[in-house]
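Residue 873 in the working numbering sits at position 502 of the sequence shown, with consecutive numbering throughout.
Please read the structure below before turning to the comments.
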Amino acid sequence: MTRLVGHRSFAALLGFALLLGVGACGEEPTTTRYATLEPAAPVLPRLTRSQYVHTVTDVFGDDLALPAQLEPDVASWGLLAVGASVATVSSRGVELYEEAARSLAAQIVGKPGRLGDLLPCSLPEAGTVTCTDALVARYAPRLWRRPATTTERDRIVAIAQKAHTAYGTEAARVEYALVALLQSPNLLYRTEIGVDDGKNGPALDAYELAGKLALFLWDGPPDDVLLATAADGTLMDDAVLQAQAERMVADARFRRAIRAFALQWLHLDSLDGLNKDPNVFKHFSADLGGSAKEEALRLFAHLVVDEDADIAELLTTRTAFVDRRLAAIYDVPAAVDDGFGRIELPAGGLRRGFLGQVAFLGAHSHPVSSSATLRGAFIREALLCQQVPLPPSDLNTAIPQPSATARTLKDRLLEHMSNPSCFGCHHFIDPPGFGLENFDGIGRFRSHDNEAPIDASGELDGKAFDGPVALYALLAGSEDYRRCVVQKLYGFANGHRAGQGEYGAIDRLDDFFAADGRRVRALMVRIATDPSFRRVAAPDAN
């Protein structure tokens, strides 16, 4: 029995596109169900900004002034976690990490009373090599996700001794020891190389597993409890790993990981630069992007952490978390005067879930108009894991101007599709986006476009729908949507998109997800305890 990773109903369109000589959209690799795992070669992802920040604040407290700039995160396959495996660090990026380490260390040492709390020995003994060594031994496991070796401790102690000699203070000794810890590649990069057990091939060792587990489920460092299971080796036992994963998703820090995944999967970081023409969109203001991002993050965290809901709810729920600015755009009363309050959207309205939010509708539109193409492309790529190729560089992608026969955006795009060079991909991308044309470029409801009534009917992989509510339901019930959530979470956990040798693991996880009510929290525990989470190929593979 085989399973399709991409969409299933595009075969006819693909054949038509090939007859026309145009590029194919989507992809349809086949897999053998529960095929033997062939793990990917190990990589050395660097921490995302949020992982770096959570590491620092978890270890040293949240009262530090965090660095304004670090090497920028880079997305690949729509995920920063995957981009972290392929992104390089520029010369300026190295400087930024050093500046951050120096600033943080100076704050830690300089805050009243902090130095005494920080040191693993009393202040009169702080000048000893033994105390500095003990400080490194205390903080390296939390920062580096493993203990420092004797050689590494000796190197940092030597740096601290030189600082003490140069500046003549115990604070300088501690500060430079912290700088060395905080700018070390052991903190900035995830080492997940594995060791060969002589039976099944390379697998993560206990500390690598603990670190990967913490970054996946907490978006931050392991705590002392998790490190203890790595130290005594019990984390390698399936039952202990299961118990730790379940403990971690019950912890408040799990919400951070859920927000981090939502930010990446739903492309919410793009909202930081949301820009609209205020002459066209009267409700737009510079802070709208930030409000929209927070609304989407709150909804996703609420559904996963608070409600443990079916992932279908992300597209169909009437629950929303809005501030007064968003309430005005949605034309609903705000629940609170300041900040975000929970509301229920009108039962008879057309707005539901994430696809009814400014976070989606505004981000996937043009500065002066809506865009069925951008919205449809997001649905295909992010929600269904289908490939949408870029148009040829020499192709004119401009759509016709409004006319007496093509007044609405949908009419103009249908006219655009009459060009055989444009038909293949636009026929694949645009129809899902047509279902959202009742919302303008910032998400305000409208019934007309250019004074003509809007036709919000469309088609998704051979299934017709009429209006946004029908589109939400069609997507929410889609097997491709469910499977895409599995694939995206797998990439988020492992730092790479699943390769051919991992499709059997995707099949297994997808079947579990379907049988368990499509609950993200349980799926994340299942991913963390699946053999694919621990296995890696030999470093020289591929």
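All C-beta atoms, glycine included, are put in the ideal place defined by N, C-alpha and C.
Just so it is clear, the structure is predicted and the values come from calculations on it, not from any experiment.
- Between residue 742 and residue 811, the gap from beta carbon to beta carbon reaches 7 Å or more.
- At the C-beta level, residue 587 and residue 864 come within 7 Å of one another.
- Residue burial annotation: residue 461 is exposed, with fewer than 16 other C-beta atoms found within 10 angstroms of its C-beta.
- Residue 619 and residue 695 have their alpha carbons spaced roughly 35 Å apart.
- Residue range 420–431 is occupied by the alpha helix (DSSP H) that includes residue 430.
- Residue state for residue 450 is assigned as strand, using DSSP reduced to three classes.
- A straight line joining the alpha-carbon of residue 572 with that of residue 832 spans about 41 Å.
- Contact between residue 421 and residue 631 holds, since their C-beta atoms are separated by about 5 Å, short of 8 Å.
- Assignment of residue 690 by DSSP, reduced to helix, strand and coil, places it in the strand class.
- By the neighbour-count criterion, in which 16 or more other beta carbons inside 10 Å mark a residue as buried, residue 583 falls on the buried side.
- Nearest in C-alpha terms to residue 855, of all of 749, 501, 455, 579, is 749.
- Residue pairing by DSSP puts residue 712 in a beta bridge opposite 693.
- A distance below 7 Å separates the beta carbons of residue 889 and residue 681.
- Positions of the beta strand (DSSP E) runs, each at least 3 residues long and wholly inside the region 770–843, are given as 828–831, 834–837 in order along the chain.
- The continuous alpha helix (DSSP H) containing residue 527 extends over residues 521–538.
- Residue burial annotation: residue 522 is exposed, with fewer than 16 other C-beta atoms found within 10 angstroms of its C-beta.
- Counting along the chain, residue 901 sits inside no alpha helix (DSSP H), nor does DSSP assign it H or E at all.
- Residue state for residue 567 is assigned as strand, using DSSP reduced to three classes.
- If you draw a 10 Å sphere on the C-beta of residue 684, you find 16 or more other C-beta atoms in it, and that means buried.
- In terms of Cα proximity to residue 626, the closest of 595, 598, 674, 643 is 674.
- Membership of residue 512 in the alpha helix (DSSP H) is indicated by the continuous run 500–515.
- Between residue 796 and residue 908, the alpha-carbon positions lie close to 37 Å from each other.
- Residue 727 sits away from residue 803, with the two beta carbons spaced by 7 Å or more.
- The three-state reading of DSSP puts residue 673 in helix, counting H, G and I together.
- The three-state reading of DSSP puts residue 556 in helix, counting H, G and I together.
- Here residue 687 is actually not in contact with residue 715; their C-beta atoms are around 13 Å apart, not less than 8 Å.
- Per DSSP, reduced to three states, the secondary structure at residue 590 is coil, with no helix or strand assignment.
- Here residue 683 carries a coil assignment [DSSP, helix/strand/coil].
- Cβ-Cβ separation between residue 838 and residue 823: approximately 17 Å, too far for a contact (criterion under 8 Å).
- Contact between residue 636 and residue 450 is confirmed by a C-beta separation of about 7 Å, below the 8 Å threshold.
- Remark: three or more beta-carbon pairs, one from each stretch, lie closer than 8 Å, so the region 525–538 and the region 546–562 are flagged as touching.
- The DSSP-derived three-state label of residue 404 is coil.
- In the DSSP assignment, residue 630 forms no beta bridge with any residue.
- Here residue 615 is buried. Its C-beta has 16 or more other C-beta atoms within 10 Å.
- Between the region 444–459 and the region 514–521 there are fewer than three C-beta pairs closer than 8 Å, too few to call the two in contact.
- Under the DSSP assignment, residue 850 falls in the alpha helix (DSSP H) whose first and last residues are 850–865.
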